[in-house]
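See structure below.
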Amino acid sequence: MQFVTRVGCIGLGPFNLSFAALAKNVPSVFLECWEARKKFNWHPGLLLPNAYMQTSPLKDLVTLADPTHPLSFLSFLKDKGRLFTYLNAKQKQVKRWEFTAYMQWAAAQLTSIRYNSEVKDVLWSQEKGFCVRTSSGMHYVQNLVIGAGLVPYLPKFVERTTIPVIHSSRFLSWDFQQLVKKRVVIVGGGQSATDIVAYLLDMDIDFYALTWINSRNSWWSLDDSPFVNELFSPRYTHYFEHLKPHKRAHVLRAQRYADRGISLASLEALYEKLYDYRFREKKKNICLLPSTEAIGFSTENPKALICLQKEMEKEFVVQADVLIMATGYKNKIPSFLKSIKENMLFEDPETPVLDAHYKVAWRKKWHAKLYFQSGVKRQKGIAEDNLSLMSYRSAQILNDIVGHAYYKLPDQKALQFFGHPSINFFD
Ligand SMILES: Cc1cc2nc3c(=O)[nH]c(=O)nc-3n(C[C@H](O)[C@H](O)[C@H](O)COP(=O)(O)OP(=O)(O)OC[C@H]3O[C@@H](n4cnc5c(N)ncnc54)[C@H](O)[C@@H]3O)c2cc1C
-8 MQFVTRVGCI GLGPFNLSFA ALAKNVPSVF LECWEARKKF NWHPGLLLPN
42 AYMQTSPLKD LVTLADPTHP LSFLSFLKDK GRLFTYLNAK QKQVKRWEFT
92 AYMQWAAAQL TSIRYNSEVK DVLWSQEKGF CVRTSSGMHY VQNLVIGAGL
142 VPYLPKFVER TTIPVIHSSR FLSWDFQQLV KKRVVIVGGG QSATDIVAYL
192 LDMDIDFYAL TWINSRNSWW SLDDSPFVNE LFSPRYTHYF EHLKPHKRAH
242 VLRAQRYADR GISLASLEAL YEKLYDYRFR EKKKNICLLP STEAIGFSTE
292 NPKALICLQK EMEKEFVVQA DVLIMATGYK NKIPSFLKSI KENMLFEDPE
342 TPVLDAHYKV AWRKKWHAKL YFQSGVKRQK GIAEDNLSLM SYRSAQILND
392 IVGHAYYKLP DQKALQFFGH PSINFFD
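Okay, here's the thing in structure tokens:
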């Protein structure tokens, strides 16, 4: 008789969906995935019709772990009868709506998913392992994989304002009529802000003025060149995770346009739109402000947004009726882990110590295993916040859970040698 291990996944974004897809074939794993939503979705608040993926469709749920797996993006296209049409469309990148449809197709084939199941708490039992309390009941598992995502980041000053504020993660739930004849301010210099401005122009919204505040000193494009792309590889992850924490933080800052930049195609399309808007339509109500940070509202005038031109070190005021914050996401240890948090080892309050298999290091020995998929960039490197290594990482975690290489993950070559070239110089 085969020993079966019970595994629970908390949160079903792409990362744990990848895990569930790969676990489908593993007979020694009994899996349950708890997801708060009523169906699979991928950042639905910003699922704009023209938004493109920033990553190759081969970085799908399964391919980099097992190119023959039936839940690959190519299998999806074949199943939907559009493999040839897809090739004929010659898209440089897949649109986000299509990749979302692919993931929904894969999710529909998995019996391990429990929707409408928000995890409230994880408790520890010496006899039974983790006890997961969800909105639909209690469950005991020996292994837990956390994929609850990141949380939207808003600077403190917006909490006190009285004007409407929306974070980009909820953008599509906005009633766009609220923007008509208004002085709209958008804050953020990345892909989300760029997609939102392009969308507002396509919608032909009749705003009074649009001010775009970008704390970066330009609209930097995503570096998608081959040498930089080697940072999104298992070899680089292996190198990065062995650096000292302060070095890792420094390295990540230096690499930020390799994952936080804007895709060149989006920038070119938007520049062209803005050009037409200004010179064909002769409209002058859009203003782009680089090197500028929104720092607060005036106490005398609740619509006066105080901004700092960072390079000139000078403050000025922009009038805002509505604020759109495309200010990204931050790491936070999920509150449902509060009961077991004290047995976890941390590098800093939001960064647990993880081993090579993404497993948490315990203070006092527990026989159960806790893995993190979401929010591990600080420990593992630039590839971890996006889809690049998700299937490879999921396979690593699965292999660790079952105790052998169910998925063979042979070393993949890189043209750069990451590390000190004392051994294996030419490998
Ligand atoms: C707009 C946007 C576009 C992006 N585009 C790309 C791209 O093109 N390429 C790329 O590589 N990366 C992209 N990324 C980055 C990356 O793909 C995402 O951040 C990815 O979604 C991370 O997956 P995840 O599974 O960790 O978390 P998420 O996708 O955030 O999913 C987390 C899930 O956990 C659930 N959850 C949370 N708490 C609980 C709980 N207590 N109980 C039950 N369920 C819970 C949530 O409902 C959610 O479904 C993009 C990010 C954004 C915001």
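In the working numbering, the protein residues as written are -8 to 418.
The beta carbon of each residue, even a glycine, is placed where N, CA and C say it ideally should be.
In this structure K360 touches N134 by the C-beta definition: roughly 5 Å separates them, less than 8 Å. Of the candidates L296, I137, I104, T102, the residue whose Cα lies closest to the Cα of D112 is I137.
Contiguous beta strand (DSSP E) elements confined to the region 316 to 343 occur at 337 to 339, taking only those with 3 or more residues. The Cβ atoms of F363 and Y349 sit closer than 8 Å to each other.
One Cα belongs to Q387, the other to L400, and the distance between them is close to 8 Å. For Y190, the enclosing alpha helix (DSSP H) stretches over residues 182 to 193. Closest option to K264, judged by alpha-carbon separation, among D193, S330, S47, G180: D193.
Counting only runs that start and end inside the region 248 to 308, the beta strand (DSSP E) elements of at least 3 residues fall at 277 to 280, 283 to 288, 295 to 300.
Secondary structure of W96 (DSSP, three-state): helix. Per the C-alpha coordinates, the member of H411, K30, T202, N276 positioned closest to V309 is T202. Contact between the region 137 to 148 and the region -1 to 18 is present: three or more C-beta pairs spanning the two stretches fall below 8 Å.
If you draw a straight line from the Cα of Q370 to the Cα of D70, it is about 38 Å long.
Every unbroken stretch of the alpha helix (DSSP H) spanning 4 or more residues and falling wholly within the region 29 to 71 is given here in chain order: 64 to 70. The criterion of a C-beta distance shorter than 8 Å is not satisfied by I204 and L170. Relative to the Cα of E232, the nearest Cα in the group R28, T342, P325 belongs to T342. With respect to T283, Y144 sits apart: the two C-beta atoms are not nearer than 8 Å. With a threshold of 16 other beta carbon atoms within 10 Å, S108 meets it and is buried. By the 16-neighbour rule on beta-carbons within 10 angstroms, D186 is buried. Between the region 292 to 310 and the region 66 to 86, the count of Cβ pairs shorter than 8 Å is below three; the stretches do not touch. Residue burial is scored here from C-beta neighbours: A311 has at least 16 other C-beta atoms within 10 angstroms and is therefore classed as buried. With respect to the 8 Å criterion, W25 and V149 are not classified as neighbours on the basis of their beta carbons.
When secondary structure is reduced to three states using DSSP, I154 falls in the coil class, being assigned neither helix nor strand. Put simply, the backbone Cα of L314 is about 46 Å away from that of K404. The Cβ atoms of S382 and A97 lie no closer than 8 Å to each other. With a cutoff of 8 Å on beta-carbon distance, F64 and P40 are scored as not near each other. For the pair of segments examined, the region 155 to 175 was found not to touch the region 244 to 261: the number of CB pairs separated by less than 8 Å stays below three.
With respect to the C-alpha of N32, the residue from V85, E333, A14, T91 having the closest C-alpha is T91. Residue burial annotation: D402 is exposed, with fewer than 16 other C-beta atoms found within 10 angstroms of its C-beta.
With fewer than three CB-CB distances shorter than 8 Å, the region 8 to 21 does not count as touching the region 406 to 415.
Secondary structure note for S116: its beta strand (DSSP E) is the uninterrupted segment 110 to 116.
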